[in-house]
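> Take a look at the following structure, please.
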Ligand SMILES: C[S@@+](CC[C@H](N)C(=O)[O-])C[C@H]1O[C@@H](n2cnc3c(N)ncnc32)[C@H](O)[C@@H]1O
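In my numbering, the protein residues as written are 403 to 806.
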């Protein structure tokens, strides 16, 4: 065994503290234990997992590789790399930004400081969007309508739009964002994940880069736009994970979120609803008759958002969907169908029509549909701090899908 004689004289904490001579390298397991202790001390709840993933990245292996080599000192170059990565995490930089990647719906999305790290709870939005697309496609009128047109408003890394394009081949997706830097990340993800993509040049013309494998028949286009300015539609479906954190909550956020993720992706005015108010005011004009909007909200915003929809007669059949933790995190509503009893839009929405003046009831369907209901009590101590970042920290303890 290499270096066992010298390991006894070096405490692994010295290594994680960057003071150990490089020749005296402890084993993988010793390094991990010491790094996890330091991460825990720094307030990181997923300390051991983070230590594992950082060391695996530094050793250019995976967690299984760590297990296989747990009693062996890592190569010198890997230790040097690990020191730098650990230092960044100790400063509370998000793990996904350090690794440059985050898994979403089973695919690896590249992330940088220019985009929100895709969150597991956003998978509920994708699930509901796919459900809607399937219902819409199964309708008799779908054959006459051609490819469904979907807008991912505020696409960030492209996680939602690209996942939909890949999971529902044959749709046309526009991924829009106000941030050119975010759009560059989303385009890179589309290329990596082999989705055909189109890009508008400065004159609004589009260029197509075809997926060489020819596997995905969906198309994805990227457009820089402040809300709907440059994406006039019409769309059959608008999906969005908008910024929805209240400015007043900034200081209470975890450092990973507050100090490292783009403010434009997080905050939306004093009550967090500025973006959603604008989106709901403008979206009906961008949707085809019977088109739907599906969007994510904060854990305590359901009641207020449903009230916004109630007050606008252009919206019909608003519904809220709960996540695995019981919070209503996704809202769906649709615009009026053009001709409810005849013609191509006779049954386009796949959802019962409901009078907006009728009282809302607690959901009873297995999919977790609900309308108006009490907001569940927060876990002790979570208070207003339970934001996307908190859920991120808990990702390994929660089921991946609400119904999984
Ligand atoms: C919460 S992030 C969502 C990112 C990604 N869709 C996801 O779910 O991981 C919100 C995104 O909206 C974008 N955004 C903020 N204001 C916008 C606006 N006025 N018009 C278009 N996009 C906007 C931000 O740049 C950010 O990428």
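We put the beta carbon where it would ideally sit given N, CA and C, even for glycine. Bear in mind the structure is a predicted one, so any value in this text is a computation, not a measurement.
Who pairs with residue 497 in a beta bridge, going by DSSP?
DSSP lists no partner for residue 497.
> If you check the beta carbons only, do residue 724 and residue 730 fall under 8 angstroms apart?
yes
> Compute the Euclidean distance between the alpha carbons of residue 684 and residue 734, then round it to the nearest angstrom.
15 angstroms
> DSSP puts residue 468 in a beta bridge; with which residues?
Partner(s): none; residue 468 has no beta bridge.
> Give the DSSP bridge partners of residue 732, in chain order.
Residue 732 is bridged to 698 and 723.
> My output table needs one value for residue 692: the three-state DSSP class, helix, strand or coil.
strand
> Give the DSSP-derived three-state secondary structure of residue 717 in the structure shown.
DSSP places residue 717 in strand when its eight states are reduced to three.
> Three Cβ pairs or more, each shorter than 8 angstroms: is that satisfied between the stretch 558-574 and the stretch 521-533?
A contact exists between the stretch 558-574 and the stretch 521-533.
> Check each candidate in 682, 662 and 645 and name the one with the smallest Cα separation from residue 668.
645
> Would you say the stretch 655-668 touches the stretch 687-696, given that touching needs at least three Cβ pairs under 8 angstroms?
At 8 angstroms Cβ cutoff, the stretches do not touch.
> For residue 496, which residues from the same chain have a beta carbon less than 6 angstroms from its beta carbon, with the 5 sequence-adjacent residues on both sides left out?
The answer, listed in chain order, is 519, 658 and 662.
> Could you tell me whether any non-hydrogen atom of ligand 1 is closer than 7 angstroms to the CB of residue 667?
Under cutoff, so the answer is yes.
> Measure the CB-CB distance between residue 468 and residue 430 and report whether it falls below 8 angstroms.
yes
> Mind checking residue 636: buried by the 16 CB within 10 Å criterion, or exposed?
exposed
> How far does the alpha helix (DSSP H) with residue 452 in it extend, from its first residue to its last?
449-460
> Quick check: what's the CA-CA separation for residue 553 versus residue 571?
15 angstroms
> From 706, 501, 507 and 525, pick the residue whose C-alpha is nearest to that of residue 514; which is it?
501
> In three-state DSSP terms, what is residue 554?
strand
> Work out the CA separation of residue 507 and residue 454 for me, nearest whole Å.
Looking at the two C-alpha atoms, the distance is approximately 22 angstroms.
> Taking 7 angstroms as the cut-off, is the beta-carbon of residue 562 closer than that to any non-hydrogen atom of ligand 1?
yes
> Does the Cβ of residue 582 have 16 or more other Cβ atoms within 10 Å, making it buried, or fewer, making it exposed?
Exposed: under 16 other Cβ atoms inside 10 Å.
> Under DSSP, the alpha helix (DSSP H) around residue 533 begins and ends at which residues?
524-540
> From this set, 484, 597, 689 and 586, which residue's C-alpha is nearest residue 717's C-alpha?
Comparing Cα-Cα distances from residue 717 to each of 484, 597, 689 and 586, the minimum goes to 689.
> I think residue 597 touches residue 567, with their Cβ atoms under 8 angstroms apart; what is that distance to the nearest whole Å?
5 angstroms
> Comparing the C-beta of residue 552 with each C-beta of chain D, is any distance below 8 angstroms?
The question asks about chain D, but that chain is absent: this structure has only one protein chain.
> Using only the heavy atoms of ligand 1, determine whether one of them is closer than 7 angstroms to the beta carbon of residue 520.
The answer is yes for residue 520.
> Where does residue 474 sit, in a helix, a strand or coil, going by DSSP?
coil
> Under the DSSP definition of a beta bridge, which residues are partnered with residue 647?
In the DSSP output, where bridge partners are listed per residue, residue 647 has 669.
> Sorry if obvious, but does the Cβ on residue 725 come closer than 7 angstroms to a heavy atom of ligand 1?
no
> According to DSSP, is residue 579 part of a helix, a strand, or is it coil?
strand
> Does DSSP put residue 512 in a helix, in a strand, or in coil?
The three-state secondary structure of residue 512, taken from DSSP, is strand.
> Tell me whether residue 747 is buried or exposed, calling it buried when 16 or more other Cβ atoms sit within 10 Å of its Cβ.
Note on residue 747: pLDDT 34, under 50, position unreliable in the model; the coordinate value appears next. Its Cβ being crowded by 16 or more others within 10 Å, residue 747 is buried.
> With 16 other CB atoms within 10 Å as the buried threshold, where does residue 484 fall?
Buried.
> If you follow the beta strand (DSSP E) that residue 641 is part of, which residue opens it and which one closes it?
637-642
> Who are the Cβ neighbours of residue 452 in its own chain at under 7 angstroms, not counting the five residues just before and after it?
441, 446, 491 and 497
> Would residue 461 and residue 444 be called neighbours here (beta carbons separated by less than 8 angstroms)?
Not a contact, by the Cβ cut-off of 8 angstroms.
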